[in-house]
Amino acid sequence: MNIAGSQQVSAELTIEDQRIVRKASKRIIPFVIVLYLFAYLDRVNISFASLQMNAQLGFSSTVYGFGASMFFVAYFFFEVPSNLALSKFGARLWIARIMITWGLISAGMAFVTGEKSFYTMRFLLGVAEAGFFPGVVVYLGNWFPRHYRARITGVFLMAIPLSGLVGSPISGLLLDQMNGVYGLAGWQWMFVVEGVPALLLGISCLWLLTERPAQASWLEPAERYRLEDILAKERSNLEAVHTYKLADAFVNPGVLLLAAILFCIVFGVTGIAFFLPQIIKTFGYSNTVTGFLAAIPYLCGAVTMVLWARRSDAKRERLGHLTAAMLLGALGFIVTTFTLDIHILALLALVVAAIGVFCSNPILWTLPTSLMTGTAAAAAVALINSVANLSGIVGPPLLGWSRDATGGFAAAGMIFTAVLLLGVLLVWVFSRSTMARGIQS
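The working numbering puts the first residue of the sequence shown at 1, with every later residue one more than the last.
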């Protein structure tokens, strides 16, 4: 995929500069996409496991939702410390550590026997994975100039819908085809088969990740110097306005607003990730068919989020693109609420909802590193991500409880809609602040 290529030469970068960025993107982006694909798959494959596991272990929707949320409890408490450790030890070592530990724990989910072990393993998975996503965002900020970050982040975040696109059919097939093999249920095989690749990828990080352009042996000396020079000038321009300290990340109003906005976006993403298979399963399909149908919203989300991020970069505009995407997500969820009995319309509405929430993600993630630099930026990204992932603590239990209380998913659709509309309001508040001026300029 041509990430940096464009016939239009930007005002800041020469054609040669763009060639260097393109060369770096071809080396870095495919690998981090694969890393995040398995990270996200191991986080949310519980949604498919629930199609068998809940009945086998006697879990209600409320128990399932609470267990799903335990990942995010750990994620919240360990996110910032993990990202600060990444700044100290470097991306190569720390991301490798994260992936190896979460691969082991994800495979260990196969041996859950009841509520307590379920909650414990989900919590440990959150501890293991904490810091991975914000760490990669900071890592990409160390490699790519500001005006490429929406498309770069968009392509990286494509791993989220790709994990559903690839993982949904595979998970459905594993549930049906491996059920009973060597005495293990299909959901147990699914955790093992999908956890082992993360372990192997973690080991490969030690050889395939390069910390910064200055250390990249695969770049020519002149290319390394030029890319470092571009990034250094961007940092100095931002620091000329204000020199940021670590504490600034925790009190900056812009950072806190972005965290609240992302909370609303992740609430929608969480709903898609943890409840899409269950919603489709109520249509009466087998696990295998459910897996293939669940891949459709992810496919559409993967394509549109990259196109939307590229458009945002081309227009040099962020907040309008963010607002439009969130409104589309809200529209999809409210239509789903009223069409659950008309299966084709409900599936189409879920596609619209997925497009909206997935397109919102890369646009928002261009903003934190436009507000701060250095260690403060690393802490800001981690803080935003950890606060936003509180939606994973609130969302699954709330939605599980609403299903147990009402017997369906209509109430959940209304909750998704309300939260995304709240996010749109927060974007408007952010756009009216002085913090947004540099971003929009």
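Glycine residues also receive a C-beta, built at the ideal position from the N, C-alpha and C atoms. Owing to the predicted nature of the structure, the values given are computational and were not obtained by experimental measurement.
Pair within 8 Å by beta-carbon distance, residue i and residue j
i: residue 323; j: residue 424; result: yes
i: residue 398; j: residue 333; result: no
i: residue 291; j: residue 117; result: no
i: residue 120; j: residue 140; result: no
i: residue 196; j: residue 107; result: yes
i: residue 213; j: residue 21; result: no
i: residue 94; j: residue 135; result: yes
i: residue 45; j: residue 194; result: yes
i: residue 76; j: residue 122; result: no
i: residue 263; j: residue 388; result: yes
i: residue 267; j: residue 416; result: yes
i: residue 85; j: residue 105; result: no
i: residue 164; j: residue 49; result: no
i: residue 63; j: residue 16; result: no
i: residue 310; j: residue 321; result: no
i: residue 276; j: residue 61; result: no
i: residue 307; j: residue 431; result: no
Endpoints, the alpha helix (DSSP H) within which residue i is located
i: residue 188; result: 186-208
i: residue 215; result: Segment: none, residue 215 is in no alpha helix (DSSP H) and carries neither H nor E.
i: residue 148; result: That residue, residue 148, is in no alpha helix (DSSP H); it is neither H nor E in DSSP.
i: residue 87; result: 61-89
i: residue 256; result: 253-281
i: residue 36; result: 15-44
i: residue 341; result: Element bounds for residue 341: n/a, residue is neither H nor E.
i: residue 444; result: For the chain, the structure presents residues 1 to 441; residue 444 sits outside this window and is missing.
i: residue 287; result: 287-315
i: residue 182; result: No alpha helix (DSSP H) holds residue 182; DSSP gives it neither H nor E.
i: residue 397; result: 391-406
i: residue 109; result: Neither: residue 109 is in no alpha helix (DSSP H) and is coded neither H nor E.
i: residue 169; result: 159-177
i: residue 423; result: 410-431
i: residue 472; result: The chain is shown from 1 up to 441; residue 472 falls before or after that span and cannot be answered.
From the options, residue whose alpha carbon lies closest to that of residue i
i: residue 286; options: 350, 139, 98 and 174; result: 174
i: residue 280; options: 345, 90 and 218; result: 345
i: residue 270; options: 14, 110, 396 and 134; result: 396
i: residue 391; options: 74, 30 and 25; result: 74
i: residue 380; options: 131, 59 and 21; result: 131
i: residue 99; options: 199, 50, 296 and 171; result: 199
i: residue 257; options: 192, 367 and 275; result: 367
i: residue 28; options: 209, 360, 53 and 410; result: 209
i: residue 360; options: 13, 274 and 302; result: 302
Cβ-heavy atom distance, residue i to the ligand PLP, below 7 Å
i: residue 400; result: With respect to the ligand PLP, the structure shown offers nothing to examine, as it has no ligands at all.
* To do: Say whether the stretch 198-215 touches the stretch 173-189, bearing in mind that this needs 3 or more beta-carbon pairs closer than 8 Å, one atom from each stretch.
  => At 8 Å Cβ cutoff, the stretches do not touch.
* On the three-pair Cβ rule with 8 Å, is the stretch 213-230 touching the stretch 70-90? -> With contact defined as three or more Cβ pairs closer than 8 Å, the stretch 213-230 and the stretch 70-90 are not in contact.
* Are the stretch 32-49 and the stretch 156-164 touching by the rule of at least three beta carbon pairs closer than 8 Å? -> Result yes; three or more Cβ-Cβ pairs closer than 8 Å.
* Asked: Would the stretch 350-365 and the stretch 311-331 be scored as touching if the rule is three or more Cβ pairs under 8 Å?
  -> Touching, yes, given that three or more Cβ pairs across the two stretches are closer than 8 Å.
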